[in-house]
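Chains as they are written, first to last, in the numbering used here: chain G, 856 to 994; chain A, 856 to 994. For glycine and all other residues, C-beta sits at the position ideal for the given N, C-alpha and C. Since this is a predicted model, take the numbers as computed values, not measurements.
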DNA sequence: TAATCAATTAATAATTTTTTTCATTATATC
DNA sequence: GATATAATGAAAAAAATTATTAATTGATTA
């Protein structure tokens with residue numbers, strides 16, 4: 856149950872936190888902006904302030920429940936952290952997001968970091984393109 | 856001369872545009888925020904409004920003179936586009952930025968895009984870590 | 001189960017980053 | 001050099017995010 860997930864990371868199980876966590880778990884979109892979440896909660900009559908959404912998401916991030924990304928439009932999007940790291944492939948037409956993990960790339964990143972004497976802490980790779988669907992319907 | 860570079864892409868050679876272009880070409884930092892540029896111009900008494908800086912950078916971006924990045928703090932940074940694509944390695948302590956290009960990774964990205972039926976248009980890879988300098992002085 | 005207390009929230013204000021508007025000024029062309 | 005047009009600066013507006021504060025909620029204890 857979500858209440859336990861929150862307790863585990865030292866956060867009180869409050870209504871806003873539960874709702875946001877549930878939303879991230881069950882929403883169609885895996886990747887949501889703070890605004891997305893705020894609106895979704897309004898629709899289900901769970902009136903949670905936008906400031907609270909931001910605050911909770913930041914708490915979730917530091918607690919490791921959630922991962923924050925900056926896709927190239929400059930907006931922050933959040934996704935549930937389900938343990939397994941992955942990178943992203945994004946359609947610039949429809950916004951579809953595909954997650955993938957590739958060993959060749961993962962390894963090569965370590966090699967590169969080493970080469971430059973860096974102690975790697977994190978990385979993110981975004982590939983932008985046009986998905987097969989959007990290729991068909993010519994704009 | 857920079858005047859020609861601007862004309863070539865269909866932009867009038869105005870003072871603000873020349874100054875910003877020159878700054879990007881000759882500054883120590885290759886990667887600057889709009890604010891950075893604004894401040895640098897103030898220091899040299901070239902009074903260019905912040906709004907103009909943003910406007911010009913956006914024009915430069917669409918003209919292909921400049922590339923815009925969103926590093927993981929969410930800020931936009933701009934760098935001169937000198938033709939050769941590259942990825943970035945960033946020190947999270949001192950902010951140092953290293954540019955690199957790796958064929959293994961480049962090729963693998965195409966392979967992945969293909970695999971998912973995407974027609975790849977662009978990509979960016981940011982590796983975050985601690986540079987050798989910052990590793991020595993323990994925080 | 002009620003009382004207590006610290007943590008959390010909503011609401012609002014404040015910040016930060018970026019974009020727009022519009023009157024004024026500069027640029028390129030003739 | 002005069003003129004038409006495009007670009008600028010300043011200020012205001014928008015958009016995104018963070019901080020403040022008084023009031024409420026959830027957890028704990030009696």
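Beta carbon proximity, residue i to chain G, threshold 8 Å
i                     : result
residue 959 (chain A) : yes
residue 925 (chain A) : yes
residue 991 (chain A) : no
residue 908 (chain A) : no
residue 922 (chain A) : no
residue 944 (chain A) : yes
residue 931 (chain A) : yes
residue 864 (chain A) : no
Option nearest residue i by Cα separation, candidates the options
i                     : options                    : result
residue 893 (chain A) : A:886, A:907, A:880, A:930 : A:907
residue 888 (chain G) : G:932, G:916, G:978        : G:932
residue 990 (chain G) : G:981, G:958, G:947        : G:947
residue 953 (chain A) : A:934, A:970, A:901        : A:934
residue 966 (chain G) : A:971, A:969, A:958        : A:958
residue 874 (chain A) : A:885, A:938, A:895        : A:895
residue 976 (chain G) : A:977, A:986, A:971        : A:986
residue 992 (chain A) : A:982, A:949, A:980        : A:949
residue 944 (chain A) : A:901, A:982, A:917        : A:982
residue 881 (chain A) : A:857, A:969, A:979        : A:857
residue 902 (chain G) : G:870, G:866, G:864, G:940 : G:870
residue 937 (chain A) : A:886, A:891, A:862        : A:886
residue 924 (chain G) : A:970, A:891, A:898, A:979 : A:979
residue 909 (chain A) : A:969, A:898, A:890        : A:890
residue 971 (chain G) : A:971, A:988, A:968        : A:988
residue 905 (chain A) : A:868, A:860, A:872        : A:872
residue 883 (chain G) : G:951, G:969, G:968        : G:951
Closer than 8 Å to chain A by CB, residue i
i                     : result
residue 947 (chain G) : yes
residue 912 (chain G) : no
residue 950 (chain G) : no
residue 915 (chain G) : no
residue 903 (chain G) : no
Whole-Å CB distance - residue i paired with residue j, under 8 Å assumed
i                     : j                     : result
residue 926 (chain A) : residue 942 (chain A) : About 12 Å separates the two Cβ atoms, so there is no contact after all.
residue 973 (chain G) : residue 984 (chain A) : 4 Å
residue 960 (chain G) : residue 963 (chain A) : 5 Å
residue 921 (chain A) : residue 930 (chain A) : With a Cβ gap of about 15 Å, residue 921 (chain A) and residue 930 (chain A) do not count as contacting.
residue 866 (chain G) : residue 918 (chain G) : 6 Å
Proximal residues, the stretch 961-987 of chain A versus chain G, C-beta separation under 7 Å:
963, 964, 967, 968, 971, 972, 973, 974, 975, 976, 977, 978, 979, 980, 981, 982, 983, 984, 985, 986, 987
Within the stretch 896-935 of chain G, ranges of the alpha helix (DSSP H) (whole runs, at least 4 residues)
905-918
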